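The structure appears below as structure tokens.
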Amino acid sequence: MLREADTDTASYFALSGPVGNPLARCGYRGRMRARLVVLVSGAGTNLQALLDACADPAYGADVVAVGADRTGIEALARAERAGVPTFTHRVKDYPSRADWDEALTGSCRAARPDLVILAGFMKLVGPPFLDAFGGRLINTHPALLPAFPGMHGVRDALDHGVKLTGCTVFLVDAGTDTGPVIAQAAVPVRDDDDETTLHERVKVAERALLVETVGRMVRDGWAVHGRKVRIGR
Ligand code: GRF
């Protein structure tokens, strides 16, 4: 449940429309700050990077709510320490996945987000969520999409023997890690890497990429033409 509403910042984006709409365009109007809702499932280091970035007024955004699909995670503790309202919806508490999706959509909508960011959120969102936030729903993945989508991007890249992997920030569509790519960063694979060491190095790049990309989007706007996303005017 959303614990409190944030009324300090006002929404300034025009809705960007569906992904792939050539007219899609969002823009920064100069004075107001973007409202970010961040969804999490785990450690929340990407969330922390966003919280830290938002502490700088020049960044242009505020995390106005953090949502989770489970309790007892460090990501929620990070939000609480930062004084950000949180909500949690566990799938098992709802009669169906569709009911869970509606509840998640409702809590996010109540926070009036300009952007919704899936930062290590380990659930696929359904049609109501995509209808509500499509085109302004961002995810981060620890591999260079379209290579190695899914739950085990780091392990799959390592098992495949690639020498270069990385991370991808992308717009979410109805598929699994299939949406238009917004930004990517490469990370070399070392001969002695295991999944843990490689993921830790990917996450360093991922946090920097997410912060930089979200900041550029909220300050400069973005446009989507087919699969191509361009930040700035
Ligand atoms: C990130 O690597 C994300 O891409 C993956 O899980 C990790 C989440 O890390 N899906 P954190 O919870 O932000 O620390």
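Quick note, the sequence shown lines up with residues 1219 to 1451 if you use my numbering.
By construction, the Cβ of each residue, glycine as well, lies at the ideal position given by its N, Cα and C atoms.
Given the structure is predicted, the values throughout are model-derived calculations rather than measurements.
Query, Result
"Touching or not, the stretch 1287 to 1301 and the stretch 1359 to 1378, by the rule of three or more beta carbon pairs under 8 Å?", "no"
"Can you give me the start and stop residues for the alpha helix (DSSP H) that LEU1265 sits inside?", "1263 to 1272"
"Apply the 10 Å Cβ neighbour rule to THR1394 and answer buried if 16 or more other Cβ atoms are within range, or exposed otherwise.", "exposed"
"Can the beta-carbon of GLY1262 be found less than 9 Å from the beta-carbon of ALA1297?", "yes"
"Look up GLY1384 in the DSSP assignment and say whether it is helix, strand or coil.", "strand"
"Let me confirm a value: GLY1450 is counted as buried when at least 16 other C-beta atoms fall within 10 Å, else exposed. Which label applies?", "exposed"
"Could you check where the alpha helix (DSSP H) with ARG1253 kicks off and where it finishes?", "Looking at the DSSP string, ARG1253 is not in any alpha helix (DSSP H); the run it does join, the beta strand (DSSP E), is 1252 to 1258."
"Can you give me the Cβ contacts of HIS1417 inside the same chain, cut-off strictly under 8 Å, excluding the 5 residues immediately before and after it?", "PRO1360, VAL1372"
"One question on the structure: do ALA1404 and LEU1362 come within less than 9 Å of each other, judged by their Cβ atoms?", "yes"
"Using the Cα positions of TRP1440 and LYS1341, report the straight-line distance between them to the nearest angstrom.", "26 Å"
"Cα separation between PRO1240 and PRO1398?", "With a pLDDT of 29 at PRO1240, under the threshold of 50, the modelled position of this residue cannot be trusted; read the value that follows with caution. So the two alpha carbons sit approximately 13 Å from each other."
"Compute the beta-carbon to beta-carbon distance between GLY1285 and LEU1254, rounded to the nearest angstrom, for a pair I have assumed lies under 8 Å.", "Not a contact, Cβ separation roughly 11 Å."
"Any beta carbon of chain D sitting closer than 9 Å to that of MET1435?", "You won't find chain D in this structure, because it holds only one protein chain."
"Short of 7 Å in beta carbon distance, which residues of its chain neighbour LEU1427, apart from the five on each side in sequence? Order them along the chain.", "CYS1385, VAL1387, ALA1401, ALA1403"
"Between the alpha carbons of TYR1277 and VAL1309, how many angstroms are there, rounded?", "34 Å"
"Quick check: the stretch 1340 to 1359 against the stretch 1373 to 1384, are at least 3 beta-carbon pairs closer than 8 Å?", "no"
"So for GLY1352, helix, strand or coil by DSSP?", "coil"
"Which class does ALA1300 belong to by DSSP, given the choice of helix, strand or coil?", "coil"
"When you compare only the Cα positions, how much space is there between ARG1251 and VAL1334?", "14 Å"
"Which residues bound the alpha helix (DSSP H) around LEU1428?", "1413 to 1438"
"Please name the residue in GLY1260, PRO1406, VAL1429, ASP1287 whose C-alpha comes closest to that of TYR1312.", "ASP1287"
"From ALA1271 to VAL1429, what does the alpha carbon distance come to, in whole angstroms?", "7 Å"
"Do VAL1390 and ILE1356 have their C-beta atoms within less than 9 Å of each other?", "yes"
"Here's the rule I'm using: 16 or more other beta-carbon atoms within 10 Å means buried, otherwise exposed. How should ARG1425 be labelled?", "buried"
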